[in-house]
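Numbering (the working numbering), first residue to last: 19 to 197. Built from N, CA and C at the ideal position, the CB exists for glycine as well. Scroll down for the structure; my scribbles are underneath it.
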């Protein structure tokens, strides 16, 4: 939140300083008469405006660099979480003793593909996919896709991805109670 105010403060400073220079040029071009001010005061104002623009450039650079670092850090964390999620899936699939075909169907189901779409991607019949999804649900101890997804979403929300324990995998081996 503080960074947002700093960005706005730098922007306002730069707008005011730029307005000073642009207004001087515009009044001359448009022939708008202004009351003259002391040249020493004008020099001080121009130096202040120039320093304000330079300060704005420096702050803009520093804020851009900090934002880039933050973005890089978040992307790195996302890659770690994505890899950890795949590890979580693989651990669960191992615990449930899914066949290679069931693993593939489970991944497609978790990604949100429908039964006909999974059948098309795997070049099998819908009946085969339904049988495989039923086997997956039975082995996972759930009654359907929403409960299967909830097993993994629960771990995401609990922050179990980075330091999951064997009890996490054992819990997924337990049947989920229907609401």
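Beta-carbon gap between residue i and residue j smaller than 8 Å
i	j	result
residue 103	residue 67	no
residue 123	residue 151	yes
residue 137	residue 163	no
residue 77	residue 47	no
Residue of the options minimising C-alpha distance to residue i
i	options	result
residue 34	111, 64 and 23	64
residue 106	26, 173, 29 and 24	173
residue 149	57, 120 and 83	120
residue 10	74, 142, 139 and 25	Here the chain comprises residues numbered 19 to 197, so residue 10 is not present and cannot be evaluated.
residue 61	50, 143, 42 and 49	42
residue 112	157, 56 and 176	157
residue 171	57, 134, 54 and 99	99
residue 82	141, 21, 93 and 97	21
residue 115	19, 55 and 153	153
Neighbourhood of residue i by C-beta, 6 Å cutoff - its chain only, sequence neighbours within 5 removed
i	result
residue 70	31 and 35
residue 72	none
residue 74	28, 31 and 32
Cβ shell of residue i (< 7 Å), same chain only, five flanking positions each side left out
i	result
residue 45	52
residue 155	161, 162 and 166
residue 49	none
Contacts around residue i, its chain only, beta-carbon distance under 8 Å, and the 5 residues preceding and following it disregarded
i	result
residue 139	126 and 131
residue 133	144, 147, 148 and 151
residue 135	126
Could you tell me which whole alpha helix (DSSP H) segments of length 4 or greater appear in the stretch 85-162? Entirely contained in the stretch 85-162, the alpha helix (DSSP H) runs reaching 4 residues are, in chain order, 118-129, 133-140 and 144-158.
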